[in-house]
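Asker:
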Amino acid sequence: MATVALTGHFATKIKPTVGPLSVVYIKSASYSSDGSKPNIAAYKRGTGGRCSFNGIVATVFGCTGFVGRYVCNKLGKTGTQMILPYRSDFYDAQRLKVAGDLGQVLFTPYDLRDEESIAKAVQYSNVVINLVGRDYETKNFKYKDVHIDGPRRLARISREMGVERFIHVSYLNASPKPKPLVMKTPSMYKVSKYWGECAVREEFPTATIIRASDIYGSEDRFLRTFASPTRINGQYMALYKNGLETVKQPVYVSDVAQGILNAIRDPDTRCQVYQAVGPKRYLLADLVDWFFALMRKDEKYWGYQRYDMKYDPILFPLKVKLVNLISPSYPLGGLHWEAIEKESTTDMVDDSLPTLEDLGVTLTKMEDQVPWELKPFRAYQYYIAKIGEFATPPNPRVQK
């Protein structure tokens with residue numbers, strides 16, 4: 009049996025893993041080998057900020073994704089030592105090097121199916137954050153692989169390696185039997201997210217689950233989906249029931265990242281489920297109208313109109329099919345049926361469960377952030393408008 013010899017500033021001890029792993033890994037320890045005297049190297053040091061060490065060593069799976077970049081920045085600001093696993097080109101992850109001080113951000117290659125690489129990534133950590141997710145299926149990774157088998161494997165190996173905290177980000181409307189809206193069959197995205205939560209709880213009972221609504225921010229797949237020319241048919245936007253029966257409560261990505269950071273700091277968040285939702289609820293129709301007004305593509309200047317997609321049973325489905333045939337690995341503009349199903353789903357908030365506000369997060373209002381996010385998508389971007397030439401569009405109506 010091979011032994012992985014790794015070194016670090018933590019005092020280490022060899023501990024055989026429990027389970028199917030065929031390698032003996034070296035486990036990080038906050039205490040000496042006899043379990044009595046604390047390891048001095050694990051103590052907090054510094055006055056706070058990026059140039060300090062707060063005693064937390066966090067492995068962030070999915071660090072190169074949309075939410076992952078914000079989480080890494082928040083962790084680095086507070087002096088967290090980060091181990092960032094990546095599976096693609098190293099240069100996709102290299103930009104995160106500046107999130108922390110020199111020597112505080114470490115990288116390691118991994119594969120979601122390779123248990124040895126996962127164990128190497130978590131062996132020195134006391135916190136593991138799982139942000140791995142997929143909006144669409146590919147030939148290599150199906151929803152089951154990414155949302156169920158992957159989280160189960162991460163949670164099990166983290167438990168075997170002695171990780172103290174496991175944070176898992178899920179989906180607000182996850183359900184074992186969701187009602188189809190625009191698809192003929194239940195959404196496997198929602199189903200897989202639900203069973204992924206169950207798998208994490210089975211393998212890591214004290215895990216913290218964060219169920220997120222639609223997350224918006226720079227490089228998101230919510231605002232930019234509607235802003236994409238692929239999503240709109242010229243000047244016409246097709247929505248499920250014209251957007252009049254879908255209520256959304258989107259959340260700002262920085263608020264989600266702050267919630268994850270606050271959950272790590274608070275030991276009382278173990279075994280808890282938190283809902284990551286924004287401060288207000290809106291009709292999807294009002295939101296989309298507002299988005300296009302902010303982009304100066306409203307009915308007055310652009311001829312924009314939205315309509316019920318059921319009145320377009322040929323052209324819109326054909327467009328979705330063509331987009332997925334042209335780019336099967338990444339649907340252009342996020343135009344695929346699972347995304348449209350998710351877009352058409354009303355956010356169901358459980359009043360019995362805590363939210364980000366219970367984690368001490370001051371939520372960002374869409375009215376304060378979205379105009380800045382959509383400014384690059386304005387029509388006639390280089391036109392120098394006179395003061396007052398374009399009136400500020402009214403904010404969308406808030407739903408109860």
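With our numbering as the guide, the letters of the sequence shown map in order to residues 9 to 408. Backbone N, C-alpha and C fix where the C-beta goes; we use that ideal spot for every residue, glycine too.
I'd like the list of long-range same chain contacts for R167, defined as Cβ closer than 7 Å, with 5 residues on each side in sequence excluded.
Answerer: E211, F212
Asker: For V106, does the three-state DSSP call read helix, strand or coil?
Answerer: helix
Asker: Tell me, to the nearest whole angstrom, how far the beta carbon of G204 is from that of S178; I am working on the premise that it is less than 8 Å.
Answerer: The pair is a contact, with the Cβ atoms about 6 Å apart (cut-off 8 Å).
Asker: Would you check if the distance between the CB atom of L82 and the CB atom of I268 is smaller than 9 Å?
Answerer: As written in the sequence, residue 82 is Lys, which differs from the Leu given in the question. Their beta carbons are under 9 Å apart, which means K82 touches I268 by this criterion.
Asker: What separation, rounded to the nearest whole angstrom, lies between the Cα atoms of N250 and K256?
Answerer: 14 Å
Asker: With a 10 Å radius around its C-beta and 16 neighbouring C-beta atoms as the bar for buried, classify L330 as buried or exposed.
Answerer: Classification of L330: exposed, given that the 10 Å Cβ count is below 16.
Asker: Identify, in the order they occur along the chain, each residue of the same chain with its Cβ nearer than 6 Å to the Cβ of V135, setting aside the five sequence neighbours on each side.
Answerer: Answer for V135: I64, A66, R173, I272, listed in chain order.
Asker: Ignoring anything shorter than 3 residues or poking outside the region 121-163, list the beta strand (DSSP E) runs there in chain order.
Answerer: 135-138
Asker: Along the chain, where does the beta strand (DSSP E) that runs through Q313 open and close?
Answerer: 313-316
Asker: According to the neighbour-count rule (16 or more other Cβ atoms, all chains shown, within 10 Å of its Cβ), is S30 buried or exposed?
Answerer: Summary for S30: the model assigns pLDDT 36, below 50, so the residue's position carries little reliability, and this model does not support an answer.
Asker: Let me check one thing: in DSSP terms, what residues is R95 bridge-paired to?
Answerer: None; R95 has no bridge partner.
Asker: Which residues in the same chain have their Cβ closer than 7 Å to the Cβ of K185, if we skip the five residues on either side of it in sequence?
Answerer: P194
Asker: Here's the rule I'm using: 16 or more other beta-carbon atoms within 10 Å means buried, otherwise exposed. How should L120 be labelled?
Answerer: buried
Asker: Excluding five sequence neighbours on each side, which residues of the same chain lie with their C-beta closer than 7 Å to the C-beta of P287?
Answerer: L371, K373
Asker: In terms of residues, what are the limits of the beta strand (DSSP E) holding Y179?
Answerer: Residues 173-179.
Asker: Within its chain, find whatever has a CB closer than 7 Å to the CB of R58; leave out the 5 residues flanking it on each side and keep chain order.
Answerer: G84, K85, G87, G108, D109
Asker: Can you find at least 3 beta carbon pairs, one from the region 145-157 and one from the region 295-308, that sit closer than 8 Å?
Answerer: no
Asker: In terms of residue numbering, what span does the alpha helix (DSSP H) encompassing R219 cover?
Answerer: It is not in any alpha helix (DSSP H) - R219 instead sits in the beta strand (DSSP E) that spans 216-220.
Asker: Just verifying my parser: in three-state terms, what is the DSSP assignment at V32?
Answerer: Note that V32 scores a pLDDT of 35, beneath 50, so its modelled location is shaky; the value from the coordinates is reported in the next line. Strand, per DSSP.
Asker: List the endpoints of the continuous alpha helix (DSSP H) containing Y197.
Answerer: 196-211
Asker: Going by C-alpha to C-alpha distance, which of G170, T238, K201 sits closest to T214?
Answerer: For T214, the closest alpha carbon among the candidates G170, T238, K201 is that of G170.
Asker: Within 10 angstroms of the Cβ of I137, are there 16 or more other Cβ atoms? Answer buried if so, exposed if not.
Answerer: When all chains shown are included, I137 counts as buried.
Asker: Could you give the distance in angstroms between the alpha-carbon of S133 and the alpha-carbon of G76?
Answerer: 17 Å
Asker: For A246, name the three-state secondary structure that DSSP assigns.
Answerer: In the structure shown, A246 falls within a strand segment according to DSSP collapsed to helix, strand and coil.
Asker: Identify, in the order they occur along the chain, each residue of the same chain with its Cβ nearer than 6 Å to the Cβ of K201, setting aside the five sequence neighbours on each side.
Answerer: H155, S178, Y179, A182
Asker: Which same chain residues, not among the five before or five after V406, have their C-beta less than 7 Å away from its C-beta?
Answerer: Beyond the five residues adjoining it in sequence on each side, V406 comes within less than 7 Å, by CB distance, of K288, R289, Y290 in the same chain, given in chain order.
Asker: Nearest to R161 by alpha carbon, out of K198, T254, V208?
Answerer: V208
Asker: From L104 to D355, what distance separates their C-alpha atoms?
Answerer: L104 and D355 have their C-alpha atoms some 32 Å from each other.
Asker: Could you name the residues of the same chain whose beta carbon sits closer than 8 Å to that of Q112, not counting the 5 residues immediately before and after it, in chain order?
Answerer: R58, F61, G84, G87, T88, Q89, M90
Asker: In whole angstroms, what is the alpha-carbon distance linking V190 and S221?
Answerer: Rounded to the nearest angstrom, the two C-alpha atoms are 19 Å apart.
Asker: With 16 other CB atoms within 10 Å as the buried threshold, where does E381 fall?
Answerer: With 16 or more other Cβ atoms within 10 Å, it is buried.
Asker: For the beta strand (DSSP E) containing Y282, list its first residue and its last residue.
Answerer: 281-284
Asker: Can you grab the Cα-Cα spacing for the pair S41 / G73, in whole Å?
Answerer: Note on S41: pLDDT 42, under 50, position unreliable in the model; no value is reported.
Asker: Per DSSP, what kind of secondary structure is A101 in: helix, strand or coil?
Answerer: helix
Asker: Under a Cβ-count criterion, where at least 16 other Cβ atoms within 10 Å of its own Cβ denotes burial, should Y94 be classed as buried or exposed?
Answerer: buried
Asker: Is it true that the CB of R232 sits closer than 9 Å to the CB of L343?
Answerer: no
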